[in-house]
């Protein structure tokens, strides 16, 4: 095992991790800062994949109050209101920082100011973008700044477990594995940021990249940290449906397509959204996904079992110009988005839930900070399109500032518990030594099916109980897994990492199911067929899940309406 | 479908070898990545990089039947059998199809790929006309997959001295950015017998770019600017 020391260790290199590194360094250039990521910096994860854009109240006529109310109402009154307020106010500062300091370049209005486009579920056109490939611009420019400033990088280093002090009072470091040679690496740090991103790839149809496996949330669960809103998994309504096995299926066709006036058609070519919501195709993601799912269950589907997305009535040339990236992706799969129609299916996209945190991105574990999709509480029951990358960059920057200040004020290197390190290595190393070889792809398929069928867009007590039993069995099978003898070398052993990925996915899936059982009402992304009503808004509560010695415990925690109460608004009528 | 795949495990193999595979495809297997995942299910020892699976991250760049490309957006119907897969040429191999990208990124970083503007940031954004913004189309879309640079004979010969097409495309992206104030220093940085001028317009870069970008044109524009400022 190798050992390293760094003042600040950042897990993850998306919008949250990179912004945290830059802010921490700006706050105190003498700090040693290290970013560890399981892929190549800037080339993995989900910020890069952002298509649509970045919500921010910039234009005349819009306001942070309006953005805030859209976020709270979109989140069905479950968001932590102070965090949501930080999001909408911080987004203004951050988008200017992205433009003026980081060098991002978003699309312009004729007068040279930043252009903002329409997204669904919002009362104002406030989504900043770069064509329909906004994430590449954000992540490339951020990565360049990080490279240029001598911030240390541990690329293709996968985090395994938090290592605490022997008395369990604080985090002392993180155990990682260097994927290049399979060697374990203990990185001790004064402050650690958890920013690995979520990524609900446990569902049959999903948008995040294949290397996402909820590692951060799984580590937080294993460390006994409280997570909230885990039942809230967002399904994006328009995932490309190109057939069962191809990895192209599930990739997202951006929200701007509906925002711009795209139609959804059932298998017979009829529009159906008006039956479900007066806003039609421009309703929020949860509503549109559920409507599509209902059409699918009623059998009114396309050849591959989804519905059609049709843009042709907006003019093929116009669509080609406005959505170049999307048109090209559909063409790769044999669909003509501009002039014809494309098969789509709801696809698991984002986890609103995550580690509970306070202002300053602190967690219940001293020395551990959290930002981005690993955190919970900003979005409540549903995230608005365009609030995701705003979340990761706003809170990433805040975490960087907060960690630098915390290290100066009360940071120290703490002694890591040697026995905990040994035990963590033994857990990760198990499939090299004992157990039974089994087909990991088959386990993945079973996980996909269970989560989609029983804990997906529509759930009930019976389906969730079924999912829980199934997940227990999968966890057992993974626990007893051994690598085939031929696949026991360490350098870039993908099969070993697949096993680690699946183990994390199953752990987080169990938390999703546990929280979904506990919420006996229907809010936002969580819909219980046996409890279809939202419940009293003024009595809103969020579900907290935590691992207590191997069993998941839940409690219901009342939402504090610190800025606005249900039925009221911050907007003057 | 039949495959021949480059294999090398530093812990087991003295030298690289090619291994034959045959997998049964489903009608819905569209992209090469779908087929590679089937091969992986058959052989747990195979290693390759992949992330976004939609042509945005550039992780699964490899040499496919002699031509560099991204496995996730390479249509299986266009491939002749046996499909020969090798790691990107000219870079050290870590294992199987995974290469060490350090040299590629070193060259990319050498062009200072970040906005340089010493005027104090305005309260809002720096204004830019739609025409100036349009100048960046075909430049900003680069995903740094390295298909182009590792297809370039000049880069194979001088990876330590020639910036390569990916880096030069990005150099022009900043030179062309109306908000950047370092065009002159950027040109100085490239005025060298190797850094820019090793490009012999072979145009392999244009041929392989999975995003349809044209580094050769960007290189031509940088050359033009050098000539203009010389006279």
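Chains as they are written, first to last, in the numbering used here: chain A, 88 to 660; chain B, 4 to 234.
Think of the CB as a built atom: it goes at the ideal place given N, C-alpha and C, for glycine as much as any other residue.
Do you know how far the Cα of residue 194(A) is from the Cα of residue 15(B)?
Roughly 51 Å between the two C-alpha positions.
When DSSP labels each residue in this structure, what does residue 146(A) get in the three-state scheme?
In this structure, residue 146(A) counts as coil in the three-state DSSP scheme.
Quick one, which of 184(B), 85(B), 199(B) and 62(B) has its alpha-carbon nearest residue 68(B)'s?
Ranking the options by Cα distance to residue 68(B), first place goes to 85(B).
Take residue 153(A) and list the residues in its own chain whose beta-carbon comes closer than 7 Å to its own, dropping the five residues that flank it on each side.
So the qualifying residues of the chain are 144, 210, 211 and 658.
State the Cα-Cα distance for the pair residue 213(A) and residue 188(A), rounded to the nearest angstrom.
Roughly 21 Å between the two C-alpha positions.
Residue 319(A): buried (16+ other C-beta within 10 angstroms of its C-beta) or exposed?
The residue is buried, with at least 16 neighbouring Cβ atoms inside 10 Å.
State yes or no: is the C-beta of residue 6(B) within less than 8 Å of the C-beta of residue 30(B)?
Not in contact: residue 6(B) and residue 30(B) (Cβ atoms no closer than 8 Å).
Checking contacts by CB at 8 Å: is residue 283(A) closer than that to chain D?
Annotation note: the requested chain D is absent from the structure, which comprises protein chains A and B.
Would residue 429(A) and residue 396(A) be called neighbours here (beta carbons separated by less than 8 Å)?
Contact: yes.
Given that residue 9(B) touches chain A, what residues does it touch there, using C-beta distances under 8 Å?
What residue 9(B) touches in chain A: nothing, since even the nearest Cβ is about 14 Å away.
Taking a cut of 8 Å between CB atoms, which residues from the stretch 48-64 of chain B lie near chain A?
Per Cβ criterion, the list reads 48, 49, 50, 51, 52, 53, 54, 55, 56, 57, 58, 59, 60, 61 and 62.
Based on the DSSP output, what are the partners of residue 449(A) in its beta bridges?
456(A).
Give the straight-line distance between the Cα atoms of residue 37(B) and residue 635(A), rounded to the nearest whole angstrom.
Using only the alpha carbons, I get a separation of about 40 Å.
Who does residue 321(A) pair with in a DSSP beta bridge?
In DSSP, residue 321(A) forms a bridge with 437(A).
Between residue 118(B) and chain A, is there a C-beta pair that is closer than 8 Å?
Closer than 8 Å: yes.
With a floor of 4 residues, list each alpha helix (DSSP H) that falls wholly inside the stretch 212-295 of chain A, ordered by position along the chain.
Runs found: 221-235.
Give the DSSP-derived three-state secondary structure of residue 484(A) in the structure shown.
It is helical.
Beta strand (DSSP E) containing residue 64(B): first to last residue?
Counting along the chain, the beta strand (DSSP E) containing residue 64(B) begins and ends at 64-67.
For residue 379(A) and residue 214(B), what's the separation of their Cα atoms in angstroms?
If I take the Cα positions, the gap works out to 32 Å.
Can you check which of these residues, 393(A), 581(A) and 536(A), is closest to residue 356(A) by C-alpha distance?
Nearest of 393(A), 581(A) and 536(A) to residue 356(A), Cα basis: 393(A).
Alpha carbon to alpha carbon, how far is residue 552(A) from residue 313(A)? Give it in angstroms, no decimals.
Cα to Cα, the separation comes out at about 22 Å.
At a cut of 8 Å, does the stretch 230-247 of chain A reach the stretch 70-83 of chain B through at least three beta carbon pairs?
Because the criterion of three Cβ pairs below 8 Å is not met, the stretch 230-247 of chain A and the stretch 70-83 of chain B do not touch.
Counting only Cβ pairs nearer than 8 Å, list the residues of chain A close to residue 175(B).
Neighbours of residue 175(B) on chain A: none; closest Cβ ~14 Å, over 8 Å.
Going by alpha carbons, who is nearest to residue 196(B) out of 82(B), 144(B) and 166(B)?
Answer by Cα proximity: 166(B).
Counting only runs that start and end within the stretch 138-216 of chain B, where is the alpha helix (DSSP H) found for 4 or more residues in a row?
List check, alpha helix (DSSP H) in window: 156-160, 167-178, 186-193 and 207-211.
Leaving aside the five residues before and after residue 280(A) along the sequence, list all residues of the same chain whose C-beta is less than 6 Å from its C-beta, in chain order.
Excluding positions up to five away in sequence, the list reads 97, 107, 456 and 486.
Distance, Cα to Cα, residue 234(B) vs residue 228(B)?
When rounded, the distance between both Cα atoms is 10 Å.
Could you please give the first and the last residue of the uninterrupted alpha helix (DSSP H) stretch that includes residue 21(B)?
Looking at the DSSP string, residue 21(B) is not in any alpha helix (DSSP H); the run it does join, the beta strand (DSSP E), is 20-25.
In the DSSP output, which residue or residues are listed as bridge partners for residue 123(B)?
Its beta-bridge partners do not exist; DSSP assigns none.
Return the chain-ordered list of same chain residues with a C-beta closer than 8 Å to the C-beta of residue 362(A), the five sequence neighbours on each side being excluded.
Excluding sequence neighbours, residue 362(A) sits near 378.
Given a threshold of 16 other Cβ atoms within 10 Å of its Cβ, counted over all protein chains shown, does residue 496(A) qualify as buried or as exposed?
Looking at its Cβ environment, which holds fewer than 16 other Cβ atoms inside 10 Å, residue 496(A) is exposed.
Quick one: does residue 179(B) have its CB under 8 Å from some CB of chain A?
Not one chain A Cβ lies under 8 Å of residue 179(B).
How would you write the range of the beta strand (DSSP E) that residue 97(B) sits in, first residue to last?
Counting along the chain, the beta strand (DSSP E) containing residue 97(B) begins and ends at 96-98.
Under a three-way DSSP split, which group does residue 133(B) fall into?
DSSP places residue 133(B) in helix when its eight states are reduced to three.
Between which two residues does the alpha helix (DSSP H) carrying residue 529(A) extend?
Where residue 529(A) is concerned, the enclosing alpha helix (DSSP H) stretches over 527-541.
Suppose the cutoff is 6 Å on Cβ atoms and the five residues either side in sequence are ignored; what does the same chain contact list for residue 89(B) look like?
Once the five neighbours on either side are set aside, the close Cβ partners of residue 89(B) are 9 and 66.
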